[in-house]
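> Mapping to our numbering: the sequence shown position 3 is 90, numbers consecutive.
Backbone N, C-alpha and C fix where the C-beta goes; we use that ideal spot for every residue, glycine too.
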Amino acid sequence: MVTDEDVLAFFRKELPMVTTLRLKPVPLELDTVLQEFSEIDDLAPAIDRYSETFNIDVSILDIECYYPWAIPWFFRKWFTTKPVKQSKKPLTVRMFAESAKAGRWLYD
């Protein structure tokens, strides 16, 4: 049986480590929005390896439902507290974990 921790450990291993400006590691958690954590160039191969590792057909995963993602510019928080309006759905590790447990891609 696949657990949330198995999938989380997989993505922590597959995706490059993200750090703050002070080089403090930013942890990847189950509800981390992957679009904000990693570029599509890093995420796409990780999704392919996820498919192979957990035997999940991700061909129905429509990446256009999740990208492009609006990432706020660094100084935005100094000028406004309004959240960035996203036109796409967030993609999280939890979505991959739930799909791995079900044996198929559950979202879209």
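If contacts are defined as beta-carbon pairs under 8 Å, then F124 and V94 qualify, I think. What distance do you get, rounded to the angstrom?
As a position in the sequence shown, residue 124 is number 37, starting the count at 1. As a position in the sequence shown, residue 94 is number 7, starting the count at 1. About 14 Å; that fails the 8 Å criterion.
> Quick check on DSSP: helix, strand or coil for P112?
One-based indexing of the sequence shown puts residue 112 at position 25. Note: P112 maps to strand in three-state DSSP.
> What three-state label does DSSP hand V105 in the structure shown?
Numbered from 1 along the sequence shown, position 18 holds the residue referred to as residue 105. Reduced to three states, the DSSP call for V105 is strand.
> Can D135 and D195 be called in contact, C-beta distance under 8 Å?
Here residue 135 refers to the residue found at position 48 when the sequence shown is read from its first residue. Here residue 195 refers to the residue found at position 108 when the sequence shown is read from its first residue. No.
> Nearest by alpha-carbon distance to D91: which of E126, T167, D118 is it?
Against the sequence shown, residue 91 aligns to sequence position 4. When each option's Cα is compared against that of D91, the closest is D118.
> Report the rounded CA-to-CA distance for P114 versus E139, giving the unit in angstroms.
Within the sequence shown, residue 114 is the residue found at index 27, counting from 1. Within the sequence shown, residue 139 is the residue found at index 52, counting from 1. Distance between the alpha carbons of P114 and E139 is about 24 Å.
> Kindly list the residues whose CB is nearer than 7 Å to the CB of K188, restricted to its own chain and excluding five residues on each side of it in sequence; keep chain order.
Locating residue 188 in the sequence shown gives position 101, counting from the first residue. The residues are V89.
> Could you tell me the boundaries of the alpha helix (DSSP H) in which P177 lies?
As a position in the sequence shown, residue 177 is number 90, starting the count at 1. Run containing P177: none; DSSP gives neither H nor E here.
> So which of T167, L110, N142 has the shortest CA-CA distance to W192?
Within the sequence shown, the letter at position 105 stands for residue 192. When only C-alpha atoms are compared, the closest one is N142.
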